[in-house]
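Visitor: Have a look at this one before I ask anything.
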Amino acid sequence: LIELSIREASYERAWDDLEMKVSAGDIISTKVLDANKGGLMVEINGITGFLPVSQLSSEHYPRVEDGDKNKILELLKRITGQEIQVRILDADRETEKLIVSERAASSEKEKAVISKLDKGDIVEGEISGVVDFGAFVKFMPPYKQDGQESDKLEGLVHISELAWQLIQNPRDVVKTGDKVRAKIIGIDDTRISLSMKALEKDPWSEIEKKYKVGDIVEGKVDKINPFGAFVYLDKDIHGLAHVSEFQEVYPGKKMEEVLVAGGSFQWKILSIEPKTHRMGLMLVKEDKKKTEKKEEEK
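Our numbering applies: residue 8 is where the sequence shown begins, and numbers increase by one.
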């Protein structure tokens, strides 16, 4: 009975201490006990806590290109046994829930380093991960080129900032390990937004030299959506053939009955908006006699 009371008292003191650490925002050193697909198990004051993947620092966050949960677990397992710095986010003794964050513990240090960066800075780094919405780049701050690996920061190049052309899959443009240059276009707390396309000339800036409203041009269909077809006139310039314009040429027909992704067709340029990178197109109906002649030649 006495032994049980001592254990209970020790348990209560442990939770008292954890709750105080939450209020104080203390940074605590803890050992990683194990990992699962959702995060890491840690121990503080003899109580097991959980560190969700989303709360890992950029150093330990698993960059898995295809989102494979087994690969994520494999990377998390490598952290098992390591000592890491965390902050307690939630300590609830009633439910025995202890949630910690490595990201919150490292944010103060990151903020101090990031505060010396400016929008417009050019950085050189390496692609550290590619995901559906863009690519992560690890780079040494421009003012600390002789720094160590631990001094590196990480920023995100959103899919829309990888290149001027439309990109469906970032993996078609970059891969992990690629050396890249990028421009800092935004800093929000510890989040750094980068742009690779900002260092390239905007192909739409001189579009009037290549294309004019009323021109009949050849373009390849990239994809067809319910509202129209996206068409590439060249590798950088694309336009939209709205379904309403298509109905004027082929009333009552669906786009899929006439167009095919990857196919080349003739288009009339209806509008050009360089600032917003928009171009309106209308399909040019192929002359029936020309079509028959083509079939005969085949």
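We put the CB at the ideal spot given by N, CA and C, even for glycine.
#1: Using only the alpha-carbon positions, how far apart do ILE191 and PRO177 sit?
#2: Where does the unbroken alpha helix (DSSP H) through LEU266 begin, and where does it stop?
#3: Does the Cβ of GLN62 have 16 or more other Cβ atoms within 10 Å, making it buried, or fewer, making it exposed?
#4: Would you check if the region 202–210 and the region 266–275 touch, i.e. whether three or more CB-CB distances between them fall below 8 Å?
#5: Nearest to ARG110 by alpha carbon, out of GLY162, GLU101, GLN92, VAL267?
#6: On the DSSP bridge assignment, give the partners of PRO149 in chain order.
#7: Would DSSP call GLN62 helix, strand or coil?
#8: For VAL228, which beta-bridge partners are listed by DSSP?
#9: Ignoring anything shorter than 3 residues, give me the beta strand (DSSP E) runs that lie fully in the region 132–200, in order along the chain.
#10: Compute the Euclidean distance between the alpha carbons of GLU225 and VAL250, then round it to the nearest angstrom.
#11: On the DSSP bridge list, what partners appear for VAL94?
#12: Just tell me which of ILE34, GLY221, GLU66 has its CA closest to the CA of GLU156.
#13: Could you pull the DSSP bridge partners for TRP274 from this structure?
#14: So ILE79 is in the alpha helix (DSSP H); what residue range does that whole segment cover?
#15: Can you tell me the Cα-Cα spacing of LYS28 and THR55, whole angstroms?
#16: Nearest to LYS126 by alpha carbon, out of GLY193, SER36, PHE237?
#17: Following the continuous beta strand (DSSP E) through VAL49, name the residue where it begins and the one where it ends.
#18: Might you give, ordered along the chain, the residues of its own chain that have their beta carbon closer than 8 Å to the beta carbon of GLY270, omitting 5 neighbours on each side?
#19: Let me know the secondary structure DSSP gives ASP99 once reduced to three states.
#20: Rounded to the nearest angstrom, how far is the Cβ of LEU288 from that of LEU247, given a contact under 8 Å?
#21: Can you have a look at ALA142 and say buried or exposed, based on whether 16 or more other CB atoms are within 10 angstroms of its CB?
#22: Could you spell out where the beta strand (DSSP E) holding ALA248 opens and where it closes?
#23: How many Å lie between SER167 and ARG14 at the Cα?
#24: Would you call the region 81–95 and the region 119–137 in contact, with 3 or more CB pairs under 8 Å?
#25: Kindly list the residues whose CB is nearer than 7 Å to the CB of GLU299, restricted to its own chain and excluding five residues on each side of it in sequence; keep chain order.
#26: Use the C-beta contact count for LEU40: other C-beta atoms within 10 angstroms, 16 or more gives buried, fewer gives exposed.
#27: With C-beta atoms as the reference, is ILE279 less than 8 Å away from ILE223?
#28: Quick one: what's got a C-beta closer than 6 Å to VAL71's C-beta in the same chain, skipping five residues either side?
Guide: In this structure, then:
#1: Their backbone Cα atoms lie some 19 Å apart in a straight line.
#2: Counted as a single uninterrupted DSSP element, the stretch harbouring LEU266 is not any alpha helix (DSSP H), since DSSP gives it neither H nor E.
#3: GLN62 should be labelled buried.
#4: Flag = no, the region 266–275 and the region 202–210 do not touch.
#5: Per the Cα distances, GLN92.
#6: Residue pairing by DSSP places PRO149 in no beta bridge whatsoever.
#7: Residue state, collapsed to three classes: helix.
#8: VAL228 is bridged to VAL238.
#9: Runs found: 141–146, 160–165, 186–195.
#10: Using only the alpha carbons, I get a separation of about 18 Å.
#11: The sequence as given places Arg at residue 94; Val does not occur at that position. The secondary-structure analysis by DSSP pairs ARG94 across a beta bridge with ILE34, SER108.
#12: Among ILE34, GLY221, GLU66, the Cα nearest to that of GLU156 belongs to GLU66.
#13: Looking at the DSSP assignment, TRP274 forms a beta bridge with VAL224, LEU290.
#14: Unbroken alpha helix (DSSP H) run through ILE79: 76–84.
#15: Answer to the nearest angstrom: the Cα atoms are 15 Å apart.
#16: With distances taken between CA atoms, LYS126 lies nearest to GLY193 out of GLY193, SER36, PHE237.
#17: Unbroken beta strand (DSSP E) run through VAL49: 46–51.
#18: So the list reads LYS227, VAL228, once near-sequence residues are dropped.
#19: In this structure, ASP99 counts as strand in the three-state DSSP scheme.
#20: In this structure LEU288 touches LEU247 by the C-beta definition: roughly 7 Å separates them, less than 8 Å.
#21: Buried is the call here.
#22: Taken as a continuous stretch (DSSP letters only), the beta strand (DSSP E) holding ALA248 covers 245–249.
#23: One Cα belongs to SER167, the other to ARG14, and the distance between them is close to 57 Å.
#24: Three or more Cβ pairs closer than 8 Å define a contact, and the region 81–95 falls short of that threshold against the region 119–137.
#25: With a pLDDT of 42 at GLU299, under the threshold of 50, the modelled position of this residue cannot be trusted; read the value that follows with caution. The beta carbon of GLU299 is closer than 7 Å to none in its chain, skipping five residues each way along the sequence.
#26: In summary, LEU40 is exposed, with fewer than 16 beta-carbon neighbours lying within 10 Å of its beta-carbon over all protein chains present.
#27: When the beta-carbon positions are compared, ILE279 and ILE223 stay at least 8 Å from each other.
#28: Here the set comprises LYS78, ILE79.
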